[in-house]
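This is the structure:
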């Protein structure tokens, strides 16, 4: 049988970008149902005592992450322009997506937001930028942005955080398949293998 | 042209185990020269303010690392027995390897130490265990252990730390090819691609 993949992504996360741009096509190729799950990483990192990205807190790690992104983007044929601000504040973008997640155009908007952040060096915390992206992908920008900033809009994203914590998620991107948690863009293909196999991607020996 | 791969490994590191067990055969297949570079991660983590493995400091991350190790070991057909102590104190093992690194049997000893840690739940900080492994791989255990504990033996491992820091290394396993740094077992194959290509593994667009 085929399980669905829940894709947990953070708009400020570089490696989430690599997955976000690829996952819908990969799932379509394999007939794997896909759900998009916005994830604010800030509260998770705050619980670690981090008030910034680990890629900024640990400079050697950050330097190599950007070099690795250059190599991986070249390999995956994805554009990359290192943003002036990293990580960007992704709260408004994530709340906006939560409000339109059931719309079939939502994946286009998600990719547009990632491209703005990592290929176009645009400020995705700016309502004007998000408004442009909403309009370009067929949404009513004013109403989507207004809904994101209501108490209900904020509560939707908080509920995502709570769900993520309950699933054991600690970073992004993450993939959850039938309760099995995979972390990192390097595990996207493994998650899809798991989703399409009776025996958990053939890894019967790893089953508990 | 073909560049060599410098493999930086920490005996206490789970993902270093996955690379250590595979890298010599993969390099041989591709005619890539390989050097083994013992790396004590403790001083690097201490510089981050960590006095323990991040997999212990951050329990959700640690739980999923062990699950991922089960999946990856099943995929790579490597045995895994979660050690009672993690991370193990690897200083004596690393100092011992430094003293015999030019011996052609050193890779056998390295793999034996990793198997002891991650497949046999043996205490690799115990000189008696290391002595068994040295003897089993053809070394004079008493002289190798004695050399590891001299001031010169300790200085050799400290020099490795200094070299690693100068290369920008911040974790293990790491691979360095012609100045290019790759981090993590998931990048082993990419490092080999880089080593065997004029254009950096075909990633010309990523060249600086």
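Chains as they are written, first to last, in this note's numbering: chain A, 7 to 214; chain G, 7 to 214. We treat Cβ as the ideally placed atom computed from N, Cα and C, and that holds for glycine. It should be emphasised that the depicted structure is a prediction, and the values quoted were computed from it without experimental measurement.
#### Entry: Neighbour list for residue 66 of chain G in chain A, Cβ cutoff strictly below 7 Å
The residue you call residue 66 of chain G lines up with position 60 of the second chain. Going along chain A in sequence order, the residues near residue 66 of chain G (Cβ under 7 Å) are 174 and 176.
### Message
My assumption, with CB atoms under 8 Å, is that residue 24 of chain G sits in contact with residue 84 of chain G. Please give the rounded CB distance.
### Response
Taking the second chain and counting its residues from 1, the one referred to as residue 24 of chain G is at position 18. Taking the second chain and counting its residues from 1, the one referred to as residue 84 of chain G is at position 78. Contact between residue 24 of chain G and residue 84 of chain G holds, since their C-beta atoms are separated by about 7 Å, short of 8 Å.
### Query
Going along the chain, which residues of its own chain have a beta-carbon closer than 6 Å to the beta-carbon of residue 140 of chain A, five neighbours each way excluded?
Taking the first residue of the first chain as 1, we reach residue 140 of chain A at position 134. Non-local C-beta neighbours of residue 140 of chain A in its own chain, meaning closer than 6 Å and more than five positions away in sequence, comprise 147 and 150, ordered along the chain.
### Query
Just to confirm, are residue 105 of chain G and residue 53 of chain G a CB contact at a threshold of 9 Å?
Counted from its first residue, the second chain places residue 105 of chain G at position 99. Counted from its first residue, the second chain places residue 53 of chain G at position 47. No.
### Message
Can you tell me whether residue 17 of chain G is helix, strand or coil according to DSSP?
### Response
Residue 17 of chain G sits at position 11 when you count from the first residue of the second chain. Here residue 17 of chain G carries a coil assignment [DSSP, helix/strand/coil].
### Message
Per DSSP, what are the beta-bridge partners of residue 180 of chain A in this structure?
### Response
Residue mapping note: residue 180 of chain A aligns to position 174 of the first chain, counting from 1. Per DSSP, A:14 and A:189.
### Query
Count the other CB atoms within 10 Å of the CB of residue 200 of chain G; is the residue buried (16 or more) or exposed (fewer)?
Locating residue 200 of chain G in the second chain gives position 194, counting from the first residue. Buried, since its Cβ has 16 or more Cβ neighbours within 10 Å.
### Task
Spell out whether any CB of chain G is found under 9 Å from the CB atom of residue 187 of chain A.
Stepping through the first chain from its first residue, residue 187 of chain A is reached at position 181. Closer than 9 Å to some Cβ of chain G, the Cβ of residue 187 of chain A qualifies, so yes.
### Task
Please confirm whether residue 127 of chain A and residue 90 of chain A have their CB atoms less than 9 Å apart.
Residue 127 of chain A sits at position 121 when you count from the first residue of the first chain. Residue 90 of chain A sits at position 84 when you count from the first residue of the first chain. In this structure, residue 90 of chain A lies closer than 9 Å to residue 127 of chain A by Cβ.
### Query
If you measure beta-carbon to beta-carbon, which residues of the stretch 39-59 of chain G are closer than 8 Å to chain A?
Within the stretch 39-59 of chain G, the residues whose Cβ lies closer than 8 Å to any Cβ of chain A are, in chain order, 54.
### Task
Within the same chain, show all residues whose beta-carbon is closer than 7 Å to that of residue 133 of chain A, passing over the 5 residues directly before and after it, in chain order.
Counting from 1 along the first chain, the entry for residue 133 of chain A is found at position 127. Once the five neighbours on either side are set aside, the close Cβ partners of residue 133 of chain A are 98 and 151.
### Message
9 Å is my cut-off, CB to CB: does residue 196 of chain G come that close to chain B?
### Response
Here chain B cannot be found, since the structure's protein chains are A and G.
### Query
How should residue 177 of chain G be labelled, buried or exposed, when 16 other C-beta atoms within 10 angstroms of its C-beta is the threshold for buried?
As a first step, residue 177 of chain G is located in the second chain; it is residue number 171 there, counting from the start. By the neighbour-count rule (16 or more Cβ atoms within 10 Å), residue 177 of chain G is buried.
### Query
CB-CB under 7 Å to residue 63 of chain A, same chain, minus the five flanking residues each way: which ones, in chain order?
As a first step, residue 63 of chain A must be located in the first chain, where it is residue number 57. For residue 63 of chain A, where only same-chain residues beyond five positions count, the Cβ hits under 7 Å are 56.
### Query
Touch check for the stretch 170-188 of chain A and the stretch 160-167 of chain G: three-plus C-beta pairs under 8 Å?
Cβ pair count under 8 Å is below three, so no.
### Query
If you measure beta-carbon to beta-carbon, which residues of the stretch 136-148 of chain G are closer than 8 Å to chain A?
Residues: none.
### Query
Roughly how many whole angstroms lie between the Cα atoms of residue 120 of chain A and residue 79 of chain G?
Position 114 of the first chain, counted from the first residue, corresponds to residue 120 of chain A. Position 73 of the second chain, counted from the first residue, corresponds to residue 79 of chain G. Residue 120 of chain A and residue 79 of chain G: Cα-Cα distance of roughly 33 Å.
### Task
For my contact list, residue 13 of chain G and residue 42 of chain G are in at a C-beta cut-off of 8 Å; report their separation, rounded to the angstrom.
Translated into positions along the second chain, residue 13 of chain G becomes position 7. Translated into positions along the second chain, residue 42 of chain G becomes position 36. Confirmed, Cβ separation roughly 6 Å.
### Task
Could you give the DSSP three-state label for residue 43 of chain G: helix, strand or coil?
On the second chain, position 37 is the one that residue 43 of chain G refers to. The DSSP-derived three-state label of residue 43 of chain G is strand.
### Message
Give me the subset of the stretch 64-89 of chain A whose CB atoms are less than 8 Å from a CB atom of chain G, sorted by chain position.
### Response
For chain G, the residues of the stretch 64-89 of chain A that bring a beta carbon within less than 8 Å of one of its beta carbons are 64, 66, 67, 69, 70, 73, 74, 76, 77, 79, 80 and 81, in chain order.
#### Entry: Beta-carbon proximity list for residue 211 of chain A, same chain, < 6 Å, skipping 5 on both sides
Here residue 211 of chain A corresponds to residue number 205 of the first chain, with the count starting at 1. Any reading at residue 211 of chain A must be qualified, since the residue scores a pLDDT of 40, below 50, and its modelled position is unreliable; no value is offered.
### Where residue 102 of chain G falls, given that 16 or more other Cβ within 10 Å makes a residue buried
On the second chain, residue 102 of chain G is found 96 positions in, with the first residue counted as 1. Buried is the call here.
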